[in-house]
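Report on the structure given below.
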């Protein structure tokens with residue numbers, strides 16, 4: 012993977028639907044060369060999938076939080092999180108806590124209800140997000 016491949020990845024990260032011709036202009040290659048490079052990146056597993064960015068605020072979900080969990084029943088906790096629409100992602104982590112969970116809730120009451128449900132799995136430590144400097148795909 013070279014500098015051009017990295018630039019192509021950054022352009023696709025900004026707009027995964029960008030036409031090859033548009034990317035080609037920005038990396039000074041032909042459209043077929045860009046297509047070939049993207050196909051190679053897909054074949055190597057560097058590009059795993061193409062996705063969308065959802066504006067949760069416009070969907071009525073105005074509260075984002077990260078919740079750290081100290082839990083002993085990891086399997087049950089993972090199963091629970093996998094079924095919750097409020098959960099965007101969860102990570103198994105090392106250290107004092109077992110999991111880091113990213114959630115988006117409609118409001119504080121919705122978040123509180125979720126936290127109340129999770130208390131059967133262990134002790135939560137909730138951190139409300141005020142703003143985000145970088146948007147990710149979730």
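Numbering (my numbering), first residue to last: 12 to 149. For glycine and all other residues, C-beta sits at the position ideal for the given N, C-alpha and C. The model shown is predicted, which means the values in this text are computed figures rather than measured ones.
Residue range of the unbroken alpha helix (DSSP H) whose run includes residue i
i          : result
residue 54 : 42 to 54
residue 34 : 31 to 38
residue 19 : 14 to 25
Cα-Cα separation, residue i to residue j
i           : j           : result
residue 108 : residue 30  : 44 Å
residue 24  : residue 125 : 32 Å
residue 131 : residue 36  : 55 Å
residue 60  : residue 110 : 25 Å
residue 63  : residue 145 : 15 Å
residue 149 : residue 65  : Residue placement at residue 149 is flagged as unreliable, the pLDDT there being 41, under the threshold of 50; the coordinate-derived value follows with that caveat. Cα to Cα, the separation comes out at about 7 Å.
residue 52  : residue 88  : 35 Å
residue 100 : residue 116 : 13 Å
residue 122 : residue 40  : 49 Å
residue 12  : residue 22  : 15 Å
residue 55  : residue 48  : 11 Å
residue 118 : residue 94  : 19 Å
Cβ pair residue i, residue j closer than 8 Å
i           : j          : result
residue 38  : residue 19 : yes
residue 143 : residue 79 : no
residue 92  : residue 83 : no
Next on the checklist: Going residue by residue through the region 63 to 148, where are the continuous alpha helix (DSSP H) segments of at least 4 residues, counting only ones entirely within it?
Outcome noted: 85 to 93, 119 to 129
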